[in-house]
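Going by full-length UniProt numbering, the sequence shown opens with residue 1, and the numbers climb by one from there.
Ideal Cβ placement from N, Cα and C applies to all residues, glycine included.
Predicted model only: the values in this text are computed from it and were never measured.
Here is the structure we will look at.
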Amino acid sequence: MRGLPGSERPRPKKLVRIGTLNVGSLTGKSREVADLMKRRNIQVLCLQETRWKGAKAREIGEGVKLFYNGEDTKRNGVAVAVADSLKDSVSAVNRISSRIISVRIETKKGNWTIISEYAPQAGCPMRGLERVHGGKVRNDEGERVLTLAIAHDLAVCSTFFAKRKSQKVTYSSGGKETEIEHVLVRRSSLKTVKDIKVLPGEDLASQHRPLLADISIDLSKKSRTGTERRIRWWKLHQSEKEHLKEMILEAGLPDPEGPIQQTWSNGVEVILRCAKETLGETRGGCRGDKEAWFWNDEVQRVVRQKKSAYKRWQKTLAPEDLAATELPRGSPRPLSRRRRTRKWTPCMRNSTVGKERSSSSAWRKRVTTPLRTSG
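In structure tokens:
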């Protein structure tokens with residue numbers, strides 16, 4: 001039976017998972033953040049205390065794009081990580097300070113503004129720490145947050161869902177547990193929040209736990225951008241050069257005495273056809289993950305063992321289980337940015353110019369790269 005004219009079947013809205021986490025420091029953890037977002041199906045993750053300098057945006061792996069802002073002193077710092085499915089919907093980024101950053105996402109019914117805010121914690125005076133987080137059931141600053149929510153018609157999402165204690169505690173240290181991370185939405189949009197909970201089993205941050213909220217959002221449909229297939233010119237080594245040369249000579253180049261435009265077009269066509277047959281083409285699509293070279297199977301296996309030990313320690317609180325959460329000496333682990341650069345630079349240099357007879361073995365082993373200039 002057909003419906004009435006003009007009537008359409010309502011499309012189900014998409015559940016977008018938004019989270020917040022105080023990482024303590026994002027240095028050396030960016031790839032693990034991308035892995036967490038992929039495993040937990042998180043589309044937007046607000047990060048606090050990143051301790052990164054500058055105001056930039058970068059890809060951190062798994063298609064995740066990170067928008068961050070920080071001070072030159074490597075203190076504080078906030079960021080918003082957006083998954084691949086939503087990063088094309090980001091229409092604006094407002095970096096207010098090293099404690100506040102906002103990202104605007106386009107939807108069919110308007111724009112959603114997601115704000116990542118960080119209050120004083122590590123590295124701040126104890127008086128400031130106690131004023132913000134407190135040490136009892138409720139403190140004065142907590143009362144001010146509630147007053148702010150009432151004044152601006154906001155709702156603290158975690159107060160509208162009944163959860164067990166392990167799914168509510170966002171900060172745990174020294175036997176003390178409390179809720180210091182919150183997700184606030186406009187009260188008129190509270191019905192779009194379907195669930196909110198804490199993930200107690202993630203060890204990305206030592207003391208803080210990620211808080212996730214499932215929100216129903218009617219996203220605007222983005223048209224797919226066309227992808228271009230490219231020739232793998234980077235595979236053109238000495239053996240491939242000889243083979244490509246033979247194929248071009250066998251195919252035959254056009255007569256150079258003919259019309260210039262026609263001669264050029266025919267020559268390009270012959271060279272590209274032979275190059276495609278010799279080197280092959282890419283499938284198109286997004287570029288490869290720059291951080292994937294060190295995030296190998298062995299490193300992932302060690303990280304999984306560490307996470308299993310962390311979950312076991314959360315249940316038993318035994319000292320031996322806590323010691324098992326530390327990576328053993330000599331085990332593979334994600335390298336910091338400086339260590340990755342120091343490892344990549346000499347390897348790249350040795351593979352390109354290190355085979356020259358004029359370069360000594362001592363020069364090839366150097367970490368610092370001397371520049372060669374002509375003249």
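The three-state secondary structure of V44, taken from DSSP, is strand.
In the three-state scheme derived from DSSP, where H, G and I count as helix and E and B as strand, H182 is classed as coil.
Residue state for Y68 is assigned as strand, using DSSP reduced to three classes. Using a 10 angstroms sphere on the CB of R186, the tally of other CB atoms stays under 16, which defines it as exposed.
In the three-state scheme derived from DSSP, where H, G and I count as helix and E and B as strand, E62 is classed as coil. Look at Y171 here: in three-state DSSP terms it is strand.
By the Cβ-count criterion, N41 is exposed, with fewer than 16 other Cβ atoms from all chains shown falling within 10 Å of its own Cβ. For T107, the enclosing beta strand (DSSP E) stretches over residues 100–107. For L154, the enclosing beta strand (DSSP E) begins and ends at 154–156. By DSSP's assignment, R95 forms a beta bridge with I101.
For L21, the enclosing beta strand (DSSP E) stretches over residues 14–22. The shortest C-alpha to C-alpha distance from G19 to any of A213, G77, E277, R230 is the one to A213. Beta-bridge partners assigned by DSSP to K176: S173. A contact between stretches requires three or more CB pairs, one per stretch, nearer than 8 Å, and the stretch 273–283 fails this requirement with the stretch 300–314. Membership of D195 in the beta strand (DSSP E) is indicated by the continuous run 193–198. Taking C-beta atoms under 8 Å as the contact rule, S25 and G70 fail to qualify, at a distance of about 11 Å. For the 8 Å CB-CB criterion, I60 and S30 form a contact. The bridge partners DSSP lists for A213 are I18, I196. Non-local beta-carbon contacts of Q314 in its own chain, meaning distances under 8 Å to residues more than five positions away in sequence, involve P200, G201 in chain order. The Cβ-Cβ distance between S85 and I105 does not fall below 8 Å.
Between E240 and L204, the C-beta spacing is not below 8 Å. Burial is judged here by how many other beta carbons sit within 10 angstroms of a residue's own beta carbon; P210 has at least 16 and is buried. According to the DSSP assignment, T278 belongs to the alpha helix (DSSP H) that extends over 260–279.
S116: member of the beta strand (DSSP E) spanning 110–117, first to last residue.
For the options V16, W52, R39, K38, the alpha carbon positioned closest to that of G28 is the one of W52. Measuring C-alpha to C-alpha distances from D218 to each of L236, V193, H237 identifies V193 as the nearest. Here Y118 is near V78, since their CB atoms are less than 8 Å apart. Contact check for K168 against E179 passes: the beta carbons are separated by less than 8 Å. The alpha-carbon of K38 is positioned some 13 Å away from that of K65.
Taking a contact as a CB-CB distance under 8 Å, the pair Q43 and V16 counts as one, their CB atoms being some 5 Å apart. The C-alpha of G175 lies about 26 Å from the C-alpha of V33.
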